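Asks: Residue numbers (my numbering), protein chains in the order written: chain A, 168 to 311; chain B, 168 to 311.
Glycine residues also receive a C-beta, built at the ideal position from the N, C-alpha and C atoms.
In this text, all values refer to a predicted model and were calculated from it rather than measured experimentally.
Please read through the structure below; I'll follow up with questions.
Number of protein chains: 2
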Amino acid sequence: MLSMKTQYAFQALMYMAQQQHNRPVLIAEISEQKLIPIKFLENILLQLRKAGLLESKKGKGGGYYFAKQPADIKLSSVMRLLDGPIALLPCVSLNWYTKCKGCEETCCGLNKVMKDVRDASLAILETSTVADIAGTSLAKTPCI
Amino acid sequence: MLSMKTQYAFQALMYMAQQQHNRPVLIAEISEQKLIPIKFLENILLQLRKAGLLESKKGKGGGYYFAKQPADIKLSSVMRLLDGPIALLPCVSLNWYTKCKGCEETCCGLNKVMKDVRDASLAILETSTVADIAGTSLAKTPCI
DNA sequence: TATAAAGTCTACTAATTAGGTAGACAAATG
DNA sequence: CATTTGTCTACCTAATTAGTAGACTTTATA
């Protein structure tokens, strides 16, 4: 399961992407609307900013806004940033690969299956973006 | 990522399935061959036995053996048993469903994507078995 | 130029989980 | 009955997760 951190990050990014205006969005506003503990949310947004997904502005009229287009932020990037590997085994991770102790990868049946799972997941997570989950990527039929 | 517990469980199950004889397999033997801390392995095998996957015999000549056929043990069962949910979000879990705080599922884009990821993963994990990963399900070309 | 409204930063802390250990006990076999 | 094996209860430690406190900096604007 995704950590609360990542779950909150997705909620926050969706909320931001759904705003019509293009003023910066307040941490406090996101926190209230999405029921996310404010100090925790601060950390998360800061991390997203440092990774170059968001930008911020201090002082009155400040807040957070997108540094990259929501349509250019893959779900997989957010997950890797906050939760680390997407793969189920270290010997199958693209970004955090380490060899397994007891197993010879080239002939390990588990390795093969877990690679398939990884690829199947990534096929979705690398092509889905914040704009997609926010419902702002297509002409919008408002949600009933 | 899978916990060490689940990773060890897979190693142990593969090892057991690969034995040619049909005598019970010793905890100590699995532990040595697969480099798994023995006391930790005891717990894991016990858990697999209580769940009905394995059976055991005490005393001399004892050890663990399969209660179900390796070909009937899905990877998803082992994972659920030891690690819990396979889904990435609680609102998308088949076996441990809980509603998300801030979101209206029917119109949550994230929910939809994560359902797709779950289904893609399960398509593989529900059809792969211990026999598959042990390489004993087909006529065997020995691994080079 | 003071003040209030924002984000930033460092440093905690509490709870949970992961990973592992110790040792007495029970059952089976020969 | 002695030995070999799994069983059970109860721990323990370290890491991670989730969250909090509070002083600080920057900025707009009155």
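(1) Which residues bound the alpha helix (DSSP H) around L221 of chain B?
(2) Ends of the alpha helix (DSSP H) at G276 of chain B?
(3) What residues from chain A crowd round K117 of chain B, counting only those whose CB sits closer than 7 Å?
(4) Under three-state DSSP, which class holds K241 of chain A?
(5) With a cut-off of 8 Å on the beta carbons, I'd call Y231 of chain B and M168 of chain B a contact; round off their distance for me.
(6) Which residues in chain A sit within 8 Å of F233 of chain B, going by Cβ to Cβ distance?
(7) Would you mind reading off the limits of the beta strand (DSSP E) that contains Y231 of chain A?
(8) Answer with buried or exposed for G219 of chain A, where buried requires no fewer than 16 other C-beta atoms within 10 angstroms of its C-beta.
(9) Measure the alpha-carbon distance for C267 of chain A versus C267 of chain B and round it to whole angstroms.
(10) For the alpha helix (DSSP H) that contains E196 of chain B, what are its first and last residues?
(11) Under a three-way DSSP split, which group does T265 of chain B fall into?
(12) Can you find a C-beta in chain A that's less than 8 Å from the C-beta of F177 of chain B?
(13) Who are the near neighbours of S170 of chain B in its chain, counting only those whose CB is closer than 8 Å to its CB and skipping five residues on each side?
(14) Which stretch, first to last residue, makes up the alpha helix (DSSP H) that contains L169 of chain B?
(15) Between the region 272-279 of chain B and the region 286-306 of chain A, can you find at least three pairs of beta-carbon atoms closer than 8 Å?
(16) Which class does T273 of chain B belong to by DSSP, given the choice of helix, strand or coil?
(17) Just by C-beta distance, which residues in the region 233-251 of chain A are closer than 7 Å to chain B?
Replies: Based on what the coordinates show:
(1) Residue mapping note: residue 221 of chain B aligns to position 54 of the second sequence, counting from 1. Note, L221 of chain B: premise wrong, no alpha helix (DSSP H); beta strand (DSSP E) at L221 to K224.
(2) Here residue 276 of chain B refers to the residue found at position 109 of the second sequence. G276 to L292 is the extent of the alpha helix (DSSP H) around G276 of chain B.
(3) Here chain B has residues from 168 to 311 only, and residue 117 of chain B is not among them.
(4) In the first sequence, the residue the question calls residue 241 of chain A occupies position 74. It is a strand residue.
(5) Position 64 of the second sequence holds residue 231 of chain B. Position 1 of the second sequence holds residue 168 of chain B. Not really, about 26 Å apart at Cβ, beyond 8 Å.
(6) Position 66 of the second sequence holds residue 233 of chain B. None at all; the shortest Cβ gap to chain A is about 17 Å.
(7) By 1-based counting over the first sequence, the position of residue 231 of chain A is 64. Start and end: G230 to F233.
(8) Stepping through the first sequence from its first residue, residue 219 of chain A is reached at position 52. Classification for G219 of chain A: exposed.
(9) Looking up residue 267 of chain A in the first sequence gives position 100. Looking up residue 267 of chain B in the second sequence gives position 100. Straight-line Cα distance between these residues: approximately 35 Å.
(10) Translated into positions along the second sequence, residue 196 of chain B becomes position 29. Note, E196 of chain B: alpha helix (DSSP H), I194 to K201.
(11) Position 98 of the second sequence holds residue 265 of chain B. Coil, per DSSP.
(12) Counted from its first residue, the second sequence places residue 177 of chain B at position 10. Closer than 8 Å: yes.
(13) As a first step, residue 170 of chain B must be located in the second sequence, where it is residue number 3. Around S170 of chain B: L249 and D250.
(14) Your numbering for residue 169 of chain B matches position 2 in the second sequence. That residue, L169 of chain B, is in no alpha helix (DSSP H); it is neither H nor E in DSSP.
(15) yes
(16) Against the second sequence, residue 273 of chain B aligns to sequence position 106. Here T273 of chain B sits in helix by DSSP.
(17) L242
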